[in-house]
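Residue numbers (this note's numbering), protein chains in the order written: chain Z, 84 to 194; chain L, 84 to 194.
Ideal Cβ positions, reconstructed from N, Cα and C, are used throughout, including at glycine.
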DNA sequence: CATAGTTATTCGGATAATCGGATAACTAGG
DNA sequence: CCTAGTTATCCGATTATCCGAATAACTATG
């Protein structure tokens, strides 16, 4: 098999997208922003984390083009740039749900 | 909004699934295994990485229940346990493809 | 232009992830 | 049982990531 081309592509996929999903707060940010666009301060309130932390995570999501940042007066409004990211995460969420269900099933059978 | 429940879920999602996708070699492993089940040695040849590295990554994918391991004689055959992981990755790949296309588009317009 | 509000960046320290060689554990075959 | 082949784990070292306080940069308003 042509592992060469596939390897290049997966490396790129990781660098440009997956690495951004490698932190729980960034995943949460994406879901919160999926509800509606918000400014940084709102996100600070939502996630109850220091502003520098939020801003840094937003910078990473911005680098990967997963969110848009639009200045409105003093605020910068962040929004999801591609809803397919949520679609993708939702699939993983469904996998997790089934895994958990399977585990409790096994637990119930052994009792 | 109920950030509490969402936060718990995203934390779990990260711990149990997304963290496994946080390494380019593991992503590649998933795609290679998606073609067909393979034993560790085959994967070592495919990825051209030391056996200990491959085995460690496989252990992580196993922990997260993203791959199955089945002993067959001297070999351990690994396979994808849930094709939806690939489905999810393919969506991210599509996003990446569009991003790249958009970038080259911009590049062409400025020339 | 001084000030207050908002956001971005810098910084050092702490934690976690990854690597590959070495070794151990396991399995089949002679 | 001894050996060869396969896979898993251990280990130290390197590298990467994350954190939050402090600070800088930017924006509107008086």
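For residue i: DSSP bridge partner residues
{"i": "residue 99 (chain Z)", "result": "Note: residue 99 (chain Z) sits in no beta bridge, so no partner."}
{"i": "residue 129 (chain L)", "result": "Its beta-bridge partners do not exist; DSSP assigns none."}
{"i": "residue 151 (chain Z)", "result": "Z:162"}
{"i": "residue 121 (chain L)", "result": "L:161"}
Contact check, residue i vs residue j, beta carbons under 9 Å
{"i": "residue 111 (chain Z)", "j": "residue 193 (chain L)", "result": "no"}
{"i": "residue 95 (chain L)", "j": "residue 179 (chain Z)", "result": "yes"}
{"i": "residue 107 (chain Z)", "j": "residue 97 (chain L)", "result": "yes"}
{"i": "residue 176 (chain L)", "j": "residue 140 (chain L)", "result": "no"}
{"i": "residue 126 (chain L)", "j": "residue 137 (chain L)", "result": "yes"}
{"i": "residue 124 (chain L)", "j": "residue 151 (chain L)", "result": "no"}
{"i": "residue 144 (chain Z)", "j": "residue 113 (chain Z)", "result": "yes"}
{"i": "residue 105 (chain L)", "j": "residue 105 (chain Z)", "result": "yes"}
Chain Z residues whose Cβ lies nearer than 8 Å to that of residue i
{"i": "residue 96 (chain L)", "result": "107, 110, 172, 175, 176 and 179"}
{"i": "residue 187 (chain L)", "result": "Correct list: empty, because the minimum Cβ distance to chain Z is about 14 Å."}
Per-residue contacts from residue i into chain Z (C-beta, under 9 Å)
{"i": "residue 138 (chain L)", "result": "Neighbours of residue 138 (chain L) on chain Z: none; closest Cβ ~18 Å, over 9 Å."}
{"i": "residue 143 (chain L)", "result": "Neighbours of residue 143 (chain L) on chain Z: none; closest Cβ ~13 Å, over 9 Å."}
Beta-carbon neighbours of residue i, restricted to chain L and to distances below 7 Å
{"i": "residue 89 (chain Z)", "result": "111 and 114"}
{"i": "residue 93 (chain Z)", "result": "107, 110, 111 and 114"}
Under 8 Å from the C-beta of residue i: neighbouring residues of chain L
{"i": "residue 132 (chain Z)", "result": "What residue 132 (chain Z) touches in chain L: nothing, since even the nearest Cβ is about 11 Å away."}
Chain-ordered chain Z contacts of residue i [CB-CB under 7 Å]
{"i": "residue 100 (chain L)", "result": "175, 178 and 179"}
{"i": "residue 30 (chain L)", "result": "The structure shown does not extend to residue 30 (chain L), since chain L spans only 84 to 194, so no value can be given for it."}
Partner residues on chain L for residue i, Cβ-Cβ distance less than 9 Å
{"i": "residue 182 (chain Z)", "result": "99, 100, 147, 148 and 165"}
{"i": "residue 104 (chain Z)", "result": "97, 101, 104, 105 and 175"}
Distance cut-off 8 Å: residue i Cβ against heavy atoms of the ligand GTP
{"i": "residue 153 (chain L)", "result": "With respect to the ligand GTP, the structure offers nothing, as it holds no ligand at all."}
Discussion item. Count Cβ pairs between the segment 109-121 of chain L and the segment 153-172 of chain L that sit closer than 8 Å; are there 3 or more?
Written reply: yes
(request) With 8 Å as the limit, tell me which residues of the segment 111-122 of chain Z have their beta carbon closer than that to any beta carbon of chain L; keep them in chain order. (result) 111, 114, 115 and 118
* Along the segment 146-175 of chain L, what residues have a CB closer than 8 Å to any CB found in chain Z? -> 148, 165, 167, 168, 170, 171, 172, 174 and 175
- Message: Contact between the segment 92-111 of chain Z and the segment 166-186 of chain L is defined here as three or more beta-carbon pairs at a separation below 8 Å; is this criterion met?
- Response: yes
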